[in-house]
């Protein structure tokens, strides 16, 4: 079962899936009420989450203290910040690319550890969904 692995639990699965809710609410809002405000909500939330994903890599590196991992961990935050300098729809493409890069970083750092397999499966599903929502808006 998916929750039997060391780095997955019902709580982590629930939290990952509930992280999609603000994206969906922002899309509903921009399609129903105010496009500009809904798009701003979507982009800001996306940048926050992308930065948070990089922080996870930073946290995993506290013990190892690899300079390479510290650089990789700030990459998603820098990409998220850069997205604010672009207009719609380019900012969405930049954020979607940031999610893909963050996933690639996690994949190559964790694939060698079988205890992270289900975490990577969950990350793949969530990241794919988030990238789809970014592309959907363009």
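In our numbering, the protein residues as written are 3 to 140. C-beta: ideal position from N, C-alpha, C; glycine also.
**Request:** Take every Cβ of the segment 49 to 58, pair it with every Cβ of the segment 68 to 86, and state whether three or more of those distances are shorter than 8 Å.
**Result:** yes
**Spatial distance of residue 90 from residue 46 (CA atoms)** = 13 Å
**Message:** Tell me the DSSP secondary structure of residue 126 in three-state form.
**Reply:** Helix, per DSSP.
**Message:** For residue 116 and residue 36, what's the separation of their Cα atoms in angstroms?
**Reply:** In a straight line, the C-alpha of residue 116 is about 45 Å away from that of residue 36.
**Prompt:** If you draw a straight line from the alpha carbon of residue 71 to that of residue 42, how long is it in whole angstroms?
**Reply:** 31 Å
**Message:** Rounded to whole angstroms, what is the Cα-Cα separation between residue 109 and residue 94?
**Reply:** 22 Å
**Message:** Extract the residue ranges of the alpha helix (DSSP H) inside the segment 48 to 124, only unbroken runs of 4 or more that lie entirely within it.
**Reply:** 69 to 85 and 92 to 112
**Request:** Please state whether DSSP places residue 140 in a helix, a strand or coil.
**Result:** Reduced to three states, the DSSP call for residue 140 is coil.
**Message:** Relative to the C-alpha of residue 78, which candidate in 61, 87, 69 and 99 has its C-alpha closest?
**Reply:** 99
**Request:** Classify residue 40 as helix, strand or coil using the three-state DSSP reduction.
**Result:** helix
**Under the three-state DSSP convention, the category residue 17 falls into** = helix
**Item:** the segment 8 to 23 touching the segment 100 to 107, judged by at least three CB pairs closer than 8 Å
**Value:** no
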